[in-house]
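Quick note: the sequence shown uses our numbering, first residue 31, plus one each step.
Heads up, the beta-carbon is just placed ideally off N, CA and C, and yes, glycines get one too.
Source: prediction; values computed, not measured.
Right, one structure below, let's go through it.
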Amino acid sequence: MEAHVNGSPVPVPDSPATSAAAHLRDGLGLTGTKVACGTGVCGACTVLVDGSPAASCLLPADRLAGRSVTTVEGLGGEHPVQRAFAAHDGLQCGYCTPGFVVEASVFVDGWRAEHGDTPPGREEIADALAGHLCRCGAYEGIFSAVAAACAGEFDTLPDRDPPRVDAVDKVTGRARYSADQAPPGTWEGVVVRSVHPHARIRSVRAADADTPLVDLLPADRTVRYVGQPIAAVAAPTPGRARAAAEAVAVDYDLRPAVAEVATARAPGAPLVHATTDERAGAPSYGEAPSPPARWDGNVRGPGTVTWRGPTAVRRLRAAAASGNPLLVAQEYTTAAQLHSPLEPHVCVAHWHGGGLDLFASTQSVSGLADRVAERWELDRDRVRVVAEHVGGAFGAKNGISTDIRAAVDLSRLAGAPVRVSFTRAEELTDAGHRPGTRTRVALLADGDGDLAAMSVDSYGDGGVSVGSTTATMALLMYGRAPRRVRDYDVVTHRPPGMPMRAPGGPPMAWALEQAVDEMACRLGEDPLALRLRWDGNPKRRALYERAARTALWRGRPRGPRTGRFRRGVGAAASNWLYLFGPRARVELVVEGGELVVRTATQDLGTGIRTVLSGTVADRLGLPGGVRVEIGDSGAVFGTGSYGSRTTPSMGPAAADAADRMRAALRGRDPRVPERGPVDEHVLKEVLSTSEGLSVVGGRVRDRWGPPFPDTPDDLGVGRGMSGAVHLMEVEVDTLLGRVRPTRCWAGIAAGRIYSERTARNQCEGAVVQGVGYALFEERRHDPRTGAVLSDDLEDYRLPGMGDVPETEVYFHQEGFEHVPGGGVGLGEVSAVGVAAALGNAVFDATGWRPRDLPLRPDRVIEGIR
Ligand code: MOS
């Protein structure tokens, strides 16, 4: 049987066992079509079948027979909407982009046939693209791209390059992600996971002796949650691999389990980690290793940090005893949030004579190569890790994850390349999450309305893992009034958390920033004015002043609101650390008469390719960009993308490389100036005679601040903190309990911005993720077994285009002049206060203070009744 795909006849299978998406990708090599959810919810796999959009992940391949199919490759990069997506930066990681542009091409064509060049509004665009999800949250750019394409602005090629250097690769489906890199003959690996919450595994056996099987159990042969990896098997096709996995026999010796925090804390509860060794080996969801703490049953902690702690506690106790109205003492909770990058965890591993090649979706190409070499005892130069494009990560693609372990060991057994790719259910169960929290905060103001004492106690609910930093993040807010913060963890037989975008930050702000708002209310003071008094951070102070002058703040409703729909505006502040990687290196080499930037960092969608290209071009005064090759561990060391440190590490190293290249070229041709723009013709000439010339730049030191510490994790903590202030406007439907965020202002202070559009996109995306955290995202589990129930994108709801506010981003660019390049990271600080601002907006609209996330309609109705 045959179909026409992008105009050419191709064979199609005659059985429904293969999906259209799998056939297009693995059978025909058309890897532009992505599979993210596998259940027709996210739209990443959208193709046109006889001109109509269809979810190819649900469509059996045999149904394509006799049909005409267009994939993203078939649009050829020529459709106006593809140019518009690139020009308006309607993308970040790019994994959802092919699906979006395929669907949008049909919408744009149809709209224009009916409406000419009159563009659609936000609601019409949101409706048209309601079947698509972008986890990075690039919706602002998508709105403007679709409107501009409808207005006919992209019928011809724009005269400017897109703001993101890899945008064209992403809108055409040419960008290769790790799952796209399976060479012919690649086997599929499938992970066998525990169906019980707590058991010792007596034995694991494949049904037949020829099936390669690798053991994934820990040394104590014990599983501690439903979904924990036990083993992995491989077979030449995905279907046979799944069958082999189902046929694996696991002999469980069941043990008692605790799946709820309350039962885990009860006296005599079964212990999740019983021995000192088990406790020390508990996985951590913190970004840095957790300092040692004592355990009491299933409770770890407290990890206490104080600043005049006894004074704080004495003052708070006295205020409580006397009923002081300027004591705000409240408890807040948050739900587990899942990273859910649209590209799942995936690894293609291949052992060959020369060593081990890995295509892995990772946040750290260099770091992973180091760790793989160590674990499998190989020379570092015999390991090659490639991640040309990474389809989102948000903290979860850390180190040697299960997919990587399984793929590497299975490839060795199978004697073939093996791909292990998490299903969405695996991704939503056992790829990490931001743990739920319960946080008690107490603030006391003195007679002058100054902060007199603060305490924050937070309990993390990270399943088998520990590492709460929620309370600790509050230590660094609002000056130096006496305070005590304590972090605890309660462990249960549920899957482990992982660091997620600003670990500890959003739950800290959800509690602290609402308590501050409450204090403003008690003092009868404007919430921004109170923060301006309490907060000594000069960058955030500039943002409060700026925020107070926005139309959104000045025009906010005042006085009691009545009627079904009530509008309100809330504010929240954020902080984050300035981190960097001292080992960052960038090579600049002359190849084919042009400059090429090469380093082993990786682009998760944040735009580091663009930063590298722009930095080198700026530094040498070149009009265009410079070619960038990243994502290959064979290059010089690149910083891992953790803790908002990629740009402030790689940017300065790129600038240093550019300076070294200038000096080298000047040595060959004195017409190259010592500083300032290099004349284009001079450059061309000198490059043409400098083939192979190469320099390596490094991360130069800050002007003042700490010396580079010799950290094994390539982690430097710099001076000064980044800050943010968010304003959120909501409309609360008091009848149905629905909260609709309508407008957001995001003020970000992270120093100089390297690449304005990609930075703004990241901050817009942080608002989208914060809105998801505030309103919808909630991992649910079976209270008896701890099994994750919300393991697809229907039950775990990510925000779509219709759910998000119109967002304006403002950058305050001062305050990091001591940092080479003048700027620090913003991926995390932009995410901390979003949900808190939304909570304060709901209070402003309704007079009801929300305490528990997410703000489901049932909670809102109950609360405002
Ligand atoms: Mo980390 S949550 O990967 O910045």
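The bridge partners DSSP lists for Leu765 come to none. For Tyr315 against Thr469, the beta-carbon gap comes to about 16 angstroms, at or over 8 angstroms, which does not count as contact. The residue from Ala114, Cys180, Ala779, Leu163 with its alpha-carbon nearest to that of Ala143 is Cys180. The beta carbons of Ala417 and Gly611 sit no closer together than 8 angstroms. In the three-state scheme derived from DSSP, where H, G and I count as helix and E and B as strand, Gln792 is classed as helix. Distances from the CA of Ala261 to each of Gly269, Ala274, Thr267, Pro268 were compared; the closest alpha carbon is that of Ala274. Between the stretch 443-451 and the stretch 406-416, the count of C-beta pairs closer than 8 angstroms stays below three; the two stretches do not touch.
As summarised for the stretch 375-416, the continuous beta strand (DSSP E) elements at least 3 residues long and confined to that stretch are 376-382, 385-390, 413-416, given in chain order. From the listed residues Cys67, Ala66, Ala95, Tyr840, the smallest Cα separation to Ala33 is found for Ala95.
Collapsing the DSSP output to three states places Gly746 in a strand.
Counting the other CB atoms within 10 Å of its CB gives His382 a total below 16, which places it among the exposed residues.
In the structure shown, Met484 adopts extended strand secondary structure according to DSSP, grouped into three states. Within its own chain, the residues whose Cβ lies closer than 7 angstroms to the Cβ of Ala867, once the five positions on either side in sequence are excluded, are Gly600, Ala601, Ala602, His756, Leu757, Met758, listed in chain order. Here the alpha carbons of Gly68 and Ala47 stand approximately 14 angstroms from one another. Here Ser45 really is in contact with Asp92; their C-beta atoms are around 6 angstroms apart, less than 8 angstroms. Separation of Pro227 and Leu284 (C-alpha to C-alpha, rounded to the nearest whole angstrom) is 9 angstroms.
Exclusion of the five residues before and after Asp147 leaves Ala181, Gly182 as the residues of its chain whose Cβ lies within less than 7 angstroms of its Cβ. Exclusion of Gly535 from the 7 angstroms shell around ligand 1 follows from its C-beta lying no nearer than that to any non-hydrogen atom of the ligand. Sixteen is the threshold: when 16 or more other Cβ atoms of the shown chains lie within 10 Å of the Cβ of Trp775, as they do, the residue is buried.
The Cβ atoms of Glu807 and Glu170 lie no closer than 8 angstroms to each other.
Taken atom to atom, the span from the alpha-carbon of Gly585 to that of Gly598 is near 10 angstroms.
Looking from the CA of Glu786, the closest CA among Leu745, Phe841, Val798, Thr764 belongs to Phe841.
In this model, Thr241 and His369 are separated by some 33 angstroms (Cα to Cα).
Taking a 10 Å sphere around the C-beta of Met31, we find fewer than 16 other C-beta atoms and assign the residue as exposed. Between the stretch 646-664 and the stretch 613-631 there are three or more inter-stretch CB-CB distances shorter than 8 angstroms, so the stretches are counted as touching. In the DSSP assignment, Ile260 falls within the unbroken beta strand (DSSP E) covering 259-265. Looking at the backbone, the Cα of Val201 and that of Gly106 are separated by about 9 angstroms. Apart from the 5 residues on each side of it in sequence, Ala780 sits with its Cβ closer than 7 angstroms to the Cβ of Ser752, Gly853, Val854, Gly855, Leu856, Val859 in its chain, given in chain order. By alpha-carbon distance to Arg591, the top candidate from Glu761, Ala683, Thr837, Ala614 is Glu761. If you compare the alpha carbons of Arg531, His375, Gly492 with that of Glu456, the shortest gap goes to His375. In this chain, Thr741 is not harboured by any beta strand (DSSP E), its DSSP state being neither H nor E. Per DSSP, the beta bridge partners of Thr363 are Arg468, Asp882.
Counting the other CB atoms within 10 Å of its CB gives His380 a total of 16 or more, which places it among the buried residues. Taking the Cα positions, Gly425 is about 9 angstroms away from Gly462. Spanning the alpha carbons of Val291 and Tyr518 requires a straight line of approximately 12 angstroms. DSSP lists no bridge partner for Ile660.
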